[in-house]
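Start counting the sequence shown at 1; every next residue gets the next number (UniProt numbering). Virtual Cβ for every residue (Gly too), placed ideally from N, Cα, C. Below: one structure, written as structure tokens.
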Amino acid sequence: MTFMPKETKKGEFLLTLSGFLIAGLVGLLIGLSAFLIFKPTSSSSQKSAPPTTVEVPVARALPVHPKEIGVFRNNLLETINEEYVRIIGQALPAVVNIFSARPVEGSADLEDGNQKETKQKRKTWKKPPMDEETSLGSGIILSDDGNILTNAHLVKNAREIRVQLFDGRRYEAKLLGIDSPTDVAVLKISAQHLSVLNWGDSDALQVGEQVFAVGNPFGLTGSVSRGIVSAKGRNPTLSSTSYEDFIQTDAAINPGNSGGALINVRGELVGINTAIYSGNGGSNGIGFAIPSKLAKFAYASLLTKGKVIRGFLGVETQEVDEDLQQIFGLPTSEGALITKVEPHSPASKAGLQRGDIIVKYNELPVKDPAELRISVSQSPAGSKIPIVFYRDGQKHQIYVEITEQPENIASGANDESGGNPSWKVTVTGDLQNVFGGLHVVDLDPTLRSRLSLSPKATGIYLVDVEGGYPAFDLLYPGDVIEEIRRPGSAPIKIHSVAEFLQLINQIPATESVAVFLQRGNNQMFVLLKP
């Protein structure tokens, strides 16, 4: 039996143990590495993962598709710029400068200086026969034989009218016709080689659409400003006799632009610049233009007949607000509320009454009184027009035969106010509803005569309204209250103060009431709210 030395066996054992330890450590490292490499990624590891490199977007030109958006010679902005230049270049020669001279009274500064100097001036001064007041404005050439459209206020009562073309040529102009309600006039010059603007459709304009104002502001010939259509259907003066349906634009319009052209991006005439809204006489970004549809109607009538022939319905109307909508039981606040029906008029013959609300005329919706007035005016005499209206909350339809508008249709009472010692004044006092604080009297023959009312006119006369009551600032001294309407009830006519007091004492304090009254030359419904 052979035995190894004790020392040798111990060394070999240590060497073998060290090998095992090293091998195990290497295996552990390899296993751990494999575990980390192949372990599924958790949500927490996603959050802690280093950010990946993201490609930074670079602006690139969009591809041009010739069949869809046209072929651009250079780039889009340059093409738009070229179109602006082309359109304005066509419009400028068709817009003219208008000079008019009116006869005015002469004057002299006789009151300057001391008394002795004034007497001397009176001895030596001779009144000049006439002086001339020259106004500047614009006009639009609409035919190659020299017809020019402009504003009526530029040439009304003018002794002499001169026109200067864009190329500097000057001509005497003849006034063919004038229509003050639309502020339109037509001139004629004898000239050749004229540039003409084509009519556009103002009804097709949309708010936000680009437009250009072309004219001669402050005498600066051939000026152009650019803007958008800010609004349509504006009636800034709220006139009941004019035909205002203005296009509002923020294109700069200044004195001298009146009568000039408002054109669209196709170079078509869509409006006639006519007014500005300004406190200092300059442009504040609110200008008004007569729509081409309205101007074209007046232009054609002036050329063919020398005046504008309009249709006549025979009603006076007012707007419907949300409060009146509730009083009259209407589905919306649009329409024209009839306040007066002219005797023997088409409306009277068809059966329309005060308090009816017209919501559709000739198959077209009626938004407000101005829209109705324009639609009626453009209806030919003799035409039978369907009218849809509400009465006592119920919808009705009738046909009305339109006639030609009479020369003078405005009539009415004078606005007489103030007290009379012989009146027996009744005071409603502290009545706890909308009729508190009124001072009223009965209509008598003398009062009817003073107010130019019919001898059979009914109602009560308002002498005063005390401050602090609901009717203050809504009813005025001089009003004649003819009728009261409560929500959901038929109209109640007022014949005397006694009837009036009996009625108003039954009205709750929280109820709103519509009062129909005559105020000067106007008739209207006024809503009284608690």
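query: Given that a residue counts as buried once 16 or more other Cβ atoms are within 10 Å of its Cβ, and exposed if not, what is Y399?; result: exposed
query: Do A251 and G287 have their C-beta atoms within less than 8 Å of each other?; result: yes
query: Is it buried or exposed, G429, if we count other Cβ atoms within 10 angstroms and call 16 or more buried?; result: exposed
query: Have a look at Y84 and I140 and give me their C-alpha separation to the nearest angstrom.; result: 19 Å
query: Taking C-alpha atoms, which residue in D179, D145 and N198 lies nearest to K156?; result: D179
query: Is F218 buried or exposed, if buried means 16 or more other CB atoms sit within 10 Å of its CB?; result: exposed
query: Using 10 angstroms around the beta-carbon of E268, count the other beta-carbons present and answer buried if the total reaches 16, otherwise exposed.; result: buried
query: Is it the case that the Cβ atoms of N264 and V211 are separated by a distance below 8 Å?; result: yes
query: With a threshold of 8 Å on Cβ separation, who are the neighbours of E209 within its own chain once the five nearest residues in sequence on each side are excluded?; result: I228, V229, N264 and V265
query: For A509, count neighbouring C-beta atoms within 10 Å of its own C-beta (all shown protein chains included) and say buried if the count is 16 or more, exposed if not.; result: exposed
query: Does DSSP put F166 in a helix, a strand or coil?; result: coil
query: Between the C-alpha atoms of L517 and M524, what's the straight-line distance to the nearest angstrom?; result: 6 Å
query: Helix or strand or just coil, what does DSSP make of K123?; result: The pLDDT assigned to K123 is 48, lower than 50, so where the model puts this residue is not dependable, and the model offers no usable value.
query: Which residues in the same chain have their Cβ closer than 8 Å to the Cβ of V497, if we skip the five residues on either side of it in sequence?; result: T426, V440, V441, D442 and I460
query: Measuring CB atoms only, is the stretch 354 to 365 touching the stretch 291 to 311, in the sense that at least three cross pairs come out at less than 8 Å?; result: no
query: Who are the near neighbours of Q318 in its chain, counting only those whose CB is closer than 7 Å to its CB and skipping five residues on each side?; result: L337, T339, P369, M524 and F525
query: Can you have a look at K198 and say buried or exposed, based on whether 16 or more other CB atoms are within 10 angstroms of its CB?; result: Note that residue 198 is Asn in the sequence shown, not Lys. Exposed, since its Cβ has fewer than 16 Cβ neighbours within 10 Å.
query: With 8 Å set as the bound, which would you pick, yes or no: does the beta-carbon of T403 sit closer than that to a beta-carbon of chain D?; result: Judged by its chain identifiers, the structure shown contains no chain D, having just a single protein chain.
query: Identify the residues that DSSP records as bridge partners of L175: which are they?; result: L187
query: Can you look up T317 in the DSSP assignment and give me helix, strand or coil?; result: strand
query: Of the residues K174, Q192, V513 and E482, which one's Cα is nearest the Cα of E499?; result: E482
query: Would you call the CB atoms of N273 and A213 closer than 8 Å?; result: yes
query: Tell me where the alpha helix (DSSP H) around D473 begins and ends.; result: Looking at the DSSP string, D473 is not in any alpha helix (DSSP H), and its letter there is neither H nor E.
query: Within the same chain, show all residues whose beta-carbon is closer than 6 Å to that of R519, passing over the 5 residues directly before and after it, in chain order.; result: D479
query: Is it buried or exposed for I492, if we count other Cβ within 10 angstroms and need 16 for buried?; result: exposed
query: So, using beta-carbon positions, are G146 and S202 closer together than 8 Å?; result: no
query: Would you say T221 and L187 are within 8 Å of each other, going by their C-beta atoms?; result: no
query: At which residue ranges does the UniProt domain "PDZ" (314 to 393) contain complete alpha helix (DSSP H) runs of 4 or more residues, listed in the order of the chain?; result: 322 to 328, 346 to 350 and 369 to 377
query: Within the continuous beta strand (DSSP E) that includes A514, where are the two ends?; result: V513 to R519
query: Who are the Cβ neighbours of I484 in its own chain at under 7 Å, not counting the five residues just before and after it?; result: I492, I494, L503, V513 and V515
query: Hey, out of Q206, K529, N522 and G488, whose CA is closest to Y469's CA?; result: K529
query: Assuming the contact rule is C-beta atoms closer than 8 Å, L313 and V376 should be a hit. Round their C-beta distance to whole Å, please.; result: 5 Å
query: Where does R226 fall in DSSP's three states?; result: strand
query: Which residues in the same chain have their Cβ closer than 6 Å to the Cβ of F166, if we skip the five residues on either side of it in sequence?; result: L92, P93 and G222
query: For Q325, tell me which candidate among Q90, L527 and I98 has the shortest Cα-Cα distance.; result: L527
query: From E334, V434 and L447, pick the residue whose C-alpha is nearest to that of K424; which is it?; result: L447
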